[in-house]
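J.: Residue numbers (this note's numbering): 18 to 508.
This is the structure, below, for whatever I ask next.
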């Protein structure tokens, strides 16, 4: 039985010209969809029906390869399939609805129908589909891999949404291009091309996914698989509330979906990487706007504000609370949202409004200039500021065809380019904010280490990093990638 909560939306931009992919699609088409040749009437579809079926089968394959129990959410309303939408690059049509019902009828998929109770009702959900056993057997025998599946050319990279970007009620809004959106799209297309031409992976993974435990919500405690590789590496910019001045961050890429400790093991073209963070990014931006420099860690407050809570844990509470307060429109909403971010039984879940008010009071005594910045819905505007900063950093490296991974308030590069990244982060923030923002990192890059005193060696640096060994699966993915790219030196 399909668990409707264990699902993700259908990716309508899967594509592959791999001969084995085409062979599988042809087999399914000839056995179960031949009558659609005769049915076709009226205007010719922008994408032939067989290729529209291919998109659905490819996404079912990616879901199965990630987690056989993972379902795919899809709308079975004909009105949901607009061939002329800028968010539907392959021009999939309402024939998809017919195809899904046929796949269900012939036993190739499991289907769980959705429900609709009215506009914006929380219980509304789309239908769910998943490869059934006969289709799984075809997938298991197929001689292609997730790495053979690409992103369709022309997929939109500049997204305008009606809401804040996280809620199910937010819709993608059609818009007319202008000079700014064209420039953003050109950079993003170059950036995605740059990312796809470099091998970015985690050496410890024998199979290309990270397992993480869900900490909150209805699936709390369950394990989720995050695909690692090109099927989960497409990046776009998302603007919110139908306003180009709100949000605008870079979203996408599996590196945004894993924890920092795991991210520290990323290899880029088989070379270790380093992550550099802006220290207290949104607090730092607000302070720059107020003309008040930050001299130390903004979240480090006097110990003992919360009885029995260690200083490091208290700092973590303060950081999450302040960032939540910057995003929230009111005090009570901020406190409720803070607690929602913690799992049942955790200390953070148990903090009362009074305790949280104590932390806010101490924070404002240290930073009185920020009093009017809390509980005032500032976050969505600040995301636009940091999105513009990120865009310039991405542009700098993309023009050199060097991959840089964006995690909103931090960036990951090869350990040979750490000093360059730091210089760029400081220069860009100085241009935008009138002065550079402070940066931090957990460990040095190779370039920093080799520039230090005492006769450092690369071997000594690698010993300090103590990165995980390369698994057999990683080596297979790496060698196959470089063979595909025509590069034999792994660099």
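Don't be surprised by glycine CBs; every beta carbon is placed ideally from N, CA and C.
Would you give the residue range spanned by the beta strand (DSSP E) that residue 283 belongs to?
T.: No beta strand (DSSP E) holds residue 283; DSSP gives it neither H nor E.
J.: So, is residue 199 buried or exposed, given that buried needs 16 or more other C-beta atoms within 10 angstroms?
T.: exposed
J.: Is the closest heavy atom of the ligand MG to the C-beta of residue 202 under 6 Å?
T.: Ligands in the displayed structure: none, and consequently the ligand MG is not present.
J.: Can you list, in chain order, the residues of its chain with a C-beta nearer than 8 Å to that of residue 87? Leave out the 5 residues immediately preceding and following it.
T.: 23, 24, 25, 80, 81, 147 and 242
J.: Since residue 339 and residue 300 should fall inside the 8 Å C-beta cutoff, what is the C-beta to C-beta distance between them, to a whole number of angstroms?
T.: 7 Å
J.: Under the assumption that residue 126 contacts residue 152 (Cβ atoms under 8 Å), give the Cβ distance between them as a whole number of angstroms.
T.: Right, their Cβ atoms sit about 6 Å apart.
J.: Per DSSP, residue 295 forms a beta bridge with which residues?
T.: 456, per the DSSP bridge assignment.
J.: Nearest to residue 77 by alpha carbon, out of 97, 96, 51 and 157?
T.: 157
J.: Is residue 450 helix, strand or coil when you go by DSSP?
T.: helix
J.: Need the endpoints of the beta strand (DSSP E) that residue 365 sits in, please.
T.: First-last for residue 365: 364-367, but that is the alpha helix (DSSP H), not the beta strand (DSSP E).
J.: Looking at residue 180 and residue 265, is the spacing between their C-beta atoms short of 7 Å?
T.: No, the pair does not count as a contact, with Cβ atoms beyond the cut-off.
J.: May I ask you to report which of helix, strand or coil DSSP gives residue 251?
T.: In the displayed model, residue 251 falls within coil according to three-state DSSP, outside both helix and strand.
J.: Assuming residue 267 is part of the alpha helix (DSSP H), what are its boundary residues?
T.: Segment 264-268 is the beta strand (DSSP E) holding residue 267; no alpha helix (DSSP H) there.
J.: Starting from residue 512, follow its DSSP beta bridges and name the residues at the other end.
T.: Look at the range of the chain in this structure, 18 to 508, and you will see that residue 512 is not part of it.
J.: For residue 360, which of helix, strand or coil comes out of DSSP?
T.: coil
J.: Going by the CB atoms, is the gap between residue 290 and residue 411 shorter than 7 Å?
T.: No, the pair does not count as a contact, with Cβ atoms beyond the cut-off.
J.: Counting C-beta neighbours from all protein chains within 10 Å, is the total for residue 416 16 or more, i.e. buried, or is it exposed?
T.: exposed
J.: For residue 192, which option in 207, 45, 376 and 175 has the closest C-alpha, if you only look at C-alpha atoms?
T.: Nearest of 207, 45, 376 and 175 to residue 192, Cα basis: 175.
J.: Using the Cα positions of residue 97 and residue 112, report the straight-line distance between them to the nearest angstrom.
T.: 11 Å
J.: Please identify the residue among 427, 144 and 478 whose C-alpha is closest to the C-alpha of residue 94.
T.: When only C-alpha atoms are compared, the closest one is 144.
J.: Okay, do the region 218-229 and the region 486-502 touch, 3+ Cβ pairs below 8 Å being the bar?
T.: yes
J.: Using the three-state DSSP reduction, which class does residue 34 fall into: helix, strand or coil?
T.: It is coil, neither helix nor strand.
J.: Is the separation between the beta-carbon of residue 142 and that of residue 124 shorter than 7 Å?
T.: no
J.: Helix, strand or coil, according to DSSP, for residue 22 in the structure here?
T.: coil
J.: By Cβ distance, which residues of its chain are closer than 8 Å to residue 294, with the 5 residues on each side in sequence left out?
T.: 426, 427, 456, 457 and 458
J.: Just verifying my parser: in three-state terms, what is the DSSP assignment at residue 278?
T.: helix
J.: Bridge partners for residue 244 per DSSP, in chain order?
T.: 226
J.: Under three-state DSSP, which class holds residue 90?
T.: strand
J.: In the DSSP output, which residue or residues are listed as bridge partners for residue 428?
T.: 293 and 423
J.: Between which two residues does the beta strand (DSSP E) carrying residue 177 extend?
T.: 175-177
J.: Quick check: the Cα distance between residue 419 and residue 169, rounded to an integer number of angstroms?
T.: 23 Å
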